[in-house]
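Going line by line, the protein sequences match chains A and B.
Just so you know, the first sequence maps onto residues 106 to 577 in my numbering.
Just so you know, the second sequence maps onto residues 3 to 246 in my numbering.
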Amino acid sequence: MTRTFLGMPATAPRGVGNLRGDEPFPAAAHKALADDQLRRNLGHATGTIRRKSGAVVAELPDWQELRAAGSALKAATMARLPELLEQLEEKVTAAGGVVHWAADANEANRIVTDLVRATGQRRVIKVKSMATQEIGLNEALAEAGIAPVETDLAELIVQLGDDKPSHILVPAIHRNRAEIREIFLREMPGVDPGLTDDPATLAAAARRYLRETFLSTPVAVSGANFAVAETGTLVVLESEGNGRMCLTLPETLITVMGIEKVVPAWRDLEVFLQLLPRASTGERMNPYTSMWTGVTPGDGPQSFHLVLLDNGRTAVLADEVGRQALHCIRCSACLNVCPVYERTGGHAYGSVYPGPIGAVLSPQLTGVADNASLPYASSLCGACFDACPVRIDIPSLLVHLRNKAPHPRTERIAMAAAAYTMDHPALYTRAQHAAKLSGRLKHLPPPLNGWTASRDLPEPPAETFRDWWARR
Amino acid sequence: MRIALFVTCLADTLFPAAAKATVRLLERLGHEVVFPPGQTCCGQMHINTGYQRDALPLVRRHVRTFAPYDVVVASSGSCVGSVRHQHATVARAAGEASLAARAEDVASRTYELSELLVDVLGVEDVGAWYPHRVTYHPTCHSLRMLRVGDKPLRLLRHVRGMELVELPDADQCCGFGGTFALKNAETSTAMLADKMRHVLDTGAEVCTAGDASCLMHIGGGLSRMDAGVRTVHLAEILAATEES
């Protein structure tokens, strides 16, 4: 059962699934930047969450200590992940659950599909889950003739709109209420044709549709925010209560969880349950926190399966610097403060994990060579590091990954030449004088034309500083 | 105090006014400024673009050049940030433990201008006079890598004749980010557009900052749109007097 950890970590399987886009970030961003409506939706939404989260974070005098504790707990967990996972497996099994190990997305999809098939059901209800988005479970289920129904309101909007999530916490952040009304009118079974775009009315329409689905679907699929190794307890945090419906009403519950989500002990939740809501939704306490341990006879699902997903995580763990990315608790605070994300939106990143954390997590899961543009999708402004509740040093990780990424040949040559020049002061001085002689250029050739498309170059000065100093 | 100037390749080549102002200011305050001649570039661009190995000789050169000095100053938050947060890492990644130790030693004596003035020299009123309406952009690496906090603003508040106006959303990145401005030129430009809008909203004649690179970016955009707002390095404002 521990085959995920056998063999050399360097040859651990790479992640597959919804982790890379069809085109590099700059090309995808080009399209997003041209969409004014998208930028207005994003600017408004991220600004609102940013202010709300900032206010409740500022209330805690020990926020920095909590962050340090969260970071230390995650680092300690990663240091003994194999043994914690085996402990989790043992406890879940003892409590009546069944544990499955999935090396990658394909294997996880096959396990879940087979489990649903075995129930004889053709429809499952889903709790909002990043892991199942990552592996493309909905598509795999649909291919097997099983209809997945997303029950998180925003995920439902994305699903009905045949769209992709663009934010970890608010997957439909790129949609405004007028667009949501159109999607509901077009796609929601039994919707009132007189539907308005009033948020309460839209929510009520979704509630009517979902209630019916909850009551008639005996199989649910969820992710997990945490899993406590010492007790085998799974934890899901959500804001709507729809998750709890899925976790309690059905007969069968299948949970897909990334292996990094395990925490050693119950007491560790004390730290994370303070960090996550404040950083994520800007709430002081999470509205619906559901916890379950295996199967309880006569109460809740009577059949429980836990699928432990690797999909590249063991390979990330093998990188001493990069493994910090596995500390992520999916709060999305880094997205909400990121000036790049705010302007391009999540789809430009091509992965279900967008924004700063996506730019360091996705390339590591797939292998950097397959996702080489993402570590460059940042100005390294550092706002993400400050916002991260578990202190992931995202800017340093971005730089680390840039140093592992394949580079274009011409750039490699130019960089080597520049470094050589900079290491030879006489050459450097000559290059400075040459730059001065060329005067003020209006338009630079590619790949430097990106600068002069929107920005003038400075007027070269009459003399360099070191010339001035020399004749002083 | 004897202070070694780390001019930075950008200020040396394109913005000598900021470096000269740093010299004038420190000499006016009674200090001796020296210019270690072997210096060129700290290697930040190489490191941040993924060419850490190419940067190694530059780190070695920087450490060798500045090791003999007790105090080093640069008028650039991001170059000091690279010296302080990247040089030792680059050395360690190359297996050069002793270089890493020496890099840490040099870094511990290297200051950004506002840090040097406020923390080391203990001065906030540098006796400057600058009769203009000015807004201050706090640059990401000064703010979040060096944590200079309000030190530049404390220095600016003592400048006589100057009207200091607050920049809305000041802590938002201008979109420069080194080679980010080239590799993701359109996203960078979208970020710059918002920064320029905020600068123009202040009605300031001058936008200042502690980093020539960010100012080159903001200034390049303002110049392209003929906005009539100038970018001036913090050192130049602090060096200005009624006599000069």
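Even for Gly, the Cβ is constructed at its ideal location relative to N, Cα and C.
Small disclaimer: the values here were computed from a predicted structure and weren't measured.
The distance from the Cβ of L236 of chain B to that of G212 of chain B is about 5 Å, consistent with a contact at the 8 Å cut-off. E239 of chain A has its alpha-carbon roughly 27 Å from the corresponding atom of S321 of chain A. Membership of I499 of chain A in any beta strand (DSSP E) is not indicated; the residue belongs instead to the alpha helix (DSSP H) covering 499–507. Residue range 210–224 is occupied by the alpha helix (DSSP H) that includes R215 of chain A. For T51 of chain B, at least one C-beta of chain A is nearer than 8 Å to its own C-beta.
When the beta-carbon positions are compared, L220 of chain A and H452 of chain A stay at least 8 Å from each other.
Ranked by Cα distance from N330 of chain A, the options A:I230, A:V368, A:I499 are led by A:V368. Per DSSP, the unbroken alpha helix (DSSP H) holding G348 of chain A starts and ends at 347–353. Against chain B, a Cβ distance below 7 Å from T449 of chain A picks out T189. In the structure shown, G222 of chain B adopts helical secondary structure according to DSSP, grouped into three states.
The contact set of T15 of chain B on chain A, defined by CB atoms closer than 7 Å, consists of Q537, A540, T569 in chain order.
A check of alpha carbon separations from A184 of chain A across A:I364, A:A139, A:A308 identifies A:I364 as the nearest. Interface annotation, D56 of chain B: in contact with chain A, CB-CB separation under 8 Å. DSSP lists B:A211 as the bridge partner or partners of H235 of chain B. Of the residues assessed, T401 of chain A falls on the exposed side of the cut-off, its CB having fewer than 16 other CB atoms within 10 angstroms. In the DSSP assignment, the residues bridged to I359 of chain A are A:V326, A:H410. Looking only at A:L354, A:Y533, A:A519, A:P294, the smallest Cα-Cα distance to S327 of chain A is reached by A:L354. The criterion of a C-beta distance shorter than 8 Å is not satisfied by R316 of chain A and T301 of chain A. Taking the Cβ atoms as the reference, M350 of chain A lies roughly 7 Å from T256 of chain A, within the contact range of under 8 Å.
Residues of the segment 178–203 of chain B whose Cβ lies closer than 9 Å to any Cβ of chain A, in chain order: F178, G179, G180, T181, F182, A183, L184, K185, N186, A187, E188, T189, S190, T191, A192, M193, L194, A195, D196. When DSSP states are grouped into helix, strand and coil, S234 of chain A belongs to the coil group. Note on geometry: alpha-carbon atoms of A334 of chain A and A259 of chain A lie some 31 Å from one another. With contacts defined as CB atoms closer than 8 Å, A524 of chain A and L60 of chain B qualify as a contacting pair.
Relative to M3 of chain B, the option among B:R232, B:G32, B:E168, B:A214 whose CA is nearest is B:G32. Going by C-alpha positions, C11 of chain B is about 16 Å away from V25 of chain B.
If you draw a straight line from the Cα of N508 of chain A to the Cα of A474 of chain A, it is about 11 Å long. Against chain B, the beta carbon of H512 of chain A has neighbours under 9 Å at T51, G52, Y53, listed in chain order. DSSP places E292 of chain A in the uninterrupted alpha helix (DSSP H) bounded by 282–292. Approximately 6 Å separates the beta-carbon atoms of D171 of chain B and H200 of chain B; this is inside 8 Å, confirming the contact.
Chain-order list of chain A residues neighbouring T112 of chain B: empty, with the shortest C-beta distance near 18 Å, by a criterion of under 7 Å. Contact of D561 of chain A with chain B by beta-carbon distance below 7 Å involves G222, S225, R226. Rounded to whole angstroms, the separation of the alpha carbons of D167 of chain A and V125 of chain B is 32 Å. Residue-level contact by beta carbon holds for R146 of chain B and chain A, with a gap shorter than 8 Å. Put simply, the backbone Cα of A464 of chain A is about 21 Å away from that of I154 of chain A. Secondary structure at S395 of chain A: strand, using DSSP grouped into helix, strand and coil. Under DSSP, T243 of chain B shares a beta bridge with no residue.
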